[in-house]
Structures are given as structure tokens and as C-alpha cells.
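Participant: Residue numbers (UniProt numbering): 1 to 264.
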């Protein structure tokens with residue numbers, strides 16, 4: 001017996017909340033309905049602010065300062081924006097550089113592009129970033145990938161004393177930092193206290209700090225500040241950022257780069 005529309009939507013909300021993110025195809029198969037029906041249900045639920053509708057599915061909403069979405073939940077959000085940001089950020093890296101990449105889905109997209117840049121030394125505390133560099137053939141282009149040790153977090157980061165100790169001994173030319181949130185009051189922040197300390201060690205290891213963050217991160221505040229806005233040499237974000245917010249950032253960050261989809 002098929003579910004009524006409201007019953008079906010209750011099931012969708014429950015699956016989104018329990019998994020963090022779901023795809024339209026998975027919901028259609030689970031509910032025994034068409035993908036078009038699922039998309040209409042997601043439209044209704046998004047208007048009610050019960051889910052966030054994203055490309056190909058939906059994610060949970062209502063995160064607090066200490067709530068940390070899983071990597072798979074964040075990976076389906078703002079896909080075009082993250083790819084555009086990654087393309088711009090990759091242009092800041094020259095062959096032979098020593099580069100640091102924090103964990104995060106935007107730095108993960110950046111890693112796919114840096115895999116094509118020859119002779120890099122890339123240090124990261126992200127399992128996903130290291131895998132992207134490996135599968136992208138970074139080693140075959142003469143690059144070296146160094147993965148710190150540590151305890152794994154929901155965002156696929158390795159954090160804690162082991163990771164911090166490894167990072168404190170390094171000198172990197174450029175560090176790319178992905179963040180949970182950014183605001184005038186809290187700077188660049190994270191919902192994970194332990195990840196904050198590891199990210200701070202990565203920031204301190206770099207001569208230049210580049211923050212990669214799409215426009216939805218503006219106004220989001222995690223419980224712990226990684227760095228103040230004025231510590232970033234470059235911020236790469238996207239055109240969805242409001243002009244007033246961009247003005248605030250340009251008053252603090254040395255250079256704000258607006259990435260636009262379409263760059264290869």
C-alpha cells in the first residue's frame with residue numbers, strides 16, 4: 001500500500017535527519033515512487049524549512065555551533081560553487097611548491113585539481129584529500145603527499161596531538177583552509193574544538209593563508225575560531241556572496257577572489 005503524501009514526507013524528513021544527506025534516486029527507490037514525486041516533496045519540505053534542497057537530493061538543516069555535518073552530507077552542497085572556487089584556488093599554486101590542505105569538501109575539490117600540478121609536496125590531515133591526490137595521479141607527476149596521523153572526525157579530518165606535532169615542524173609556502181563558518185565577529189570557525197587546534201597548527205605552518213569558502217559559510221558560526229578574518233591573505237568565495245558581506249570581507253582580507261562557474 002502506497003503512502004499518502006504527508007506520510008511520505010515524514011519518512012523523507014526522518015531519513016534526512018538520520019543520514020545528514022540523501023539523494024533523490026535513493027528516496028525514490030526506498031519509497032517506491034518516481035524521482036519527480038520526490039523532487040516535488042523536497043520542494044514542499046524546503047519551503048517549510050524542514051530540509052535543505054541541494055543538487056540531486058537534500059541535506060539536514062538547523063545546525064548549532066557544535067554540530068558537525070558528515071563529509072557525505074557536505075559533499076553534495078554547492079557543487080558548482082565549490083568547483084569554481086577550486087579552479088581559482090588551484091591557479092595560486094605553482095609547480096614545485098610546498099602546500100598544506102585542511103580537511104573539507106572544498107579543499108577536497110581543490111585536491112582533484114592540484115593532482116595535475118607537478119612536483120608538489122602536499123601536507124594534509126584529510127583522508128579524502130589524500131585519496132583524491134592519489135587517484136588523480138599526483139605521485140605520477142612527481143608530487144609527494146604527506147598525511148598526518150590523528151583521530152578521525154565526521155569531516156574525515158585527522159586531528160589531535162599526533163597531527164599537531166607533525167604540523168608544527170613544517171614550513172609550507174601556502175596553506176588552503178576550508179572552514180565551517182565565517183563572520184565578522186567570530187572570524188573563520190569550526191564546530192569541532194580538536195579540529196580547531198589542528199587547523200591552527202596548519203595555518204601557523206604556512207607563509208600564506210588562503211581560505212576557500214562558498215557564500216553559504218558567511219554568517220555561520222562554529223564554537224571555536226580558527227583564525228581572524230584579517231589573518232587570511234586571500235579568500236576565494238563565489239558570486240552568491242552579497243555585496244554588503246563582500247565589503248566587510250574586503251575590509252579585513254588582503255584579497256577577495258570571486259569564483260564563477262565555467263573555469264576549467
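We treat Cβ as the ideally placed atom computed from N, Cα and C, and that holds for glycine.
Closer than 7 Å by C-beta to residue 239: which residues in its own chain qualify, once you throw out the five before and the five after it? Chain order, please.
Facilitator: Within the chain shown, numbered from 1, the residue matching residue 239 stands at position 239. So the qualifying residues of the chain are 258 and 260.
Participant: Does residue 40 have its Cβ less than 8 Å from a Cβ in chain C?
Facilitator: Given the protein chain composition of this structure (a single chain), no chain C is represented.
Participant: I'd like the list of long-range same chain contacts for residue 246, defined as Cβ closer than 7 Å, with 5 residues on each side in sequence excluded.
Facilitator: Translated into the one-based positions of the chain shown, residue 246 becomes position 246. Correct list, in chain order: 256.
Participant: Quick check: is any heavy atom of the ligand FAD less than 7 Å from the C-beta of residue 32?
Facilitator: As for the ligand FAD, it is missing from this structure, which has no ligand bound.
Participant: Taking just the CA atoms, how far does residue 226 sit from residue 182?
Facilitator: Position 182 of the chain shown holds residue 182. Position 226 of the chain shown holds residue 226. So the alpha carbons of these two residues sit roughly 10 Å apart.
Participant: Where residue 206 and residue 174 are concerned, what is the direct C-alpha to C-alpha distance, given to the nearest angstrom?
Facilitator: Counting from 1 along the chain shown, the entry for residue 206 is found at position 206. Counting from 1 along the chain shown, the entry for residue 174 is found at position 174. If you take the alpha carbons of residue 206 and residue 174, they lie about 5 Å apart.
Participant: For residue 15, which of helix, strand or coil comes out of DSSP?
Facilitator: Mapped onto the chain shown, residue 15 falls at position 15. Residue 15: helix per DSSP, three-state reduction.
Participant: Roughly how many angstroms separate the alpha carbons of residue 267 and residue 125, rounded to a whole number?
Facilitator: The chain is shown only over 1 to 264; residue 267 falls outside these bounds and no answer can be derived.
Participant: When we look at the beta-carbon of residue 25 and count the other beta-carbons within 10 Å, is it buried (16 or more) or exposed?
Facilitator: Residue 25 sits at position 25 when you count from the first residue of the chain shown. Residue 25 comes out exposed.
Participant: Name the DSSP beta bridge partners of residue 178, please?
Facilitator: Here residue 178 is taken as the residue at index 178 of the chain shown, counted from 1. Per DSSP, 212.
Participant: In whole angstroms, give me the CA-to-CA distance for residue 133 and residue 39.
Facilitator: As a first step, residue 133 is located in the chain shown; it is residue number 133 there, counting from the start. As a first step, residue 39 is located in the chain shown; it is residue number 39 there, counting from the start. Using only the alpha carbons, I get a separation of about 34 Å.
Participant: If contacts are defined as beta-carbon pairs under 8 Å, then residue 100 and residue 129 qualify, I think. What distance do you get, rounded to the angstrom?
Facilitator: For this step, residue 100 is matched to residue 100 along the chain shown. For this step, residue 129 is matched to residue 129 along the chain shown. With a Cβ gap of about 10 Å, residue 100 and residue 129 do not count as contacting.
Participant: For residue 193, which option in 243, 6, 151 and 169 has the closest C-alpha, if you only look at C-alpha atoms?
Facilitator: The count along the chain shown starts at 1 and reaches residue 193 at position 193. Residue 151 is the option with its Cα nearest to residue 193.
Participant: Given that a residue counts as buried once 16 or more other Cβ atoms are within 10 Å of its Cβ, and exposed if not, what is residue 6?
Facilitator: On the chain shown, residue 6 is found 6 positions in, with the first residue counted as 1. The residue is exposed, with fewer than 16 neighbouring Cβ atoms inside 10 Å.
Participant: By how many angstroms is the C-alpha of residue 113 removed from the C-alpha of residue 163?
Facilitator: Stepping through the chain shown from its first residue, residue 163 is reached at position 163. Stepping through the chain shown from its first residue, residue 113 is reached at position 113. C-alpha separation (whole angstroms): 24 Å.
Participant: Answer yes if the region 82 to 94 comes into contact with the region 202 to 217, meaning at least three C-beta pairs across the two stretches below 8 Å, and no otherwise.
Facilitator: Enough Cβ pairs lie closer than 8 Å, so yes.
Participant: Which residues mark the beginning and the end of the alpha helix (DSSP H) in which residue 234 is found?
Facilitator: The residue labelled residue 234 in the question sits at position 234 within the chain shown. Segment 234 to 238 is the beta strand (DSSP E) holding residue 234; no alpha helix (DSSP H) there.
Participant: Measure the beta-carbon distance from residue 144 to residue 158 and round it to whole angstroms, keeping in mind my assumption that it falls under 8 Å.
Facilitator: Counted from its first residue, the chain shown places residue 144 at position 144. Counted from its first residue, the chain shown places residue 158 at position 158. Actually they do not touch by this definition, with Cβ atoms about 18 Å apart.
Participant: Just to confirm the assignment, what range does the alpha helix (DSSP H) spanning residue 23 have?
Facilitator: Within the chain shown, numbered from 1, the residue matching residue 23 stands at position 23. Segment 21 to 23 is the beta strand (DSSP E) holding residue 23; no alpha helix (DSSP H) there.
Participant: Identify the continuous beta strand (DSSP E) that holds residue 52 and give its terminal residues.
Facilitator: Translated into positions along the chain shown, residue 52 becomes position 52. 52 to 54 is the span of the beta strand (DSSP E), which, as asked, contains residue 52.
Participant: What is the rounded straight-line gap between the Cα of residue 53 and the Cα of residue 33?
Facilitator: By one-based count along the chain shown, residue 53 stands at place 53. By one-based count along the chain shown, residue 33 stands at place 33. Going from the Cα of residue 53 to the Cα of residue 33 covers about 18 Å.
Participant: Rounded to the nearest angstrom, what separates residue 102 and residue 3 at their Cα positions?
Facilitator: If you number the chain shown from 1, residue 102 lands on position 102. If you number the chain shown from 1, residue 3 lands on position 3. Roughly 44 Å between the two C-alpha positions.
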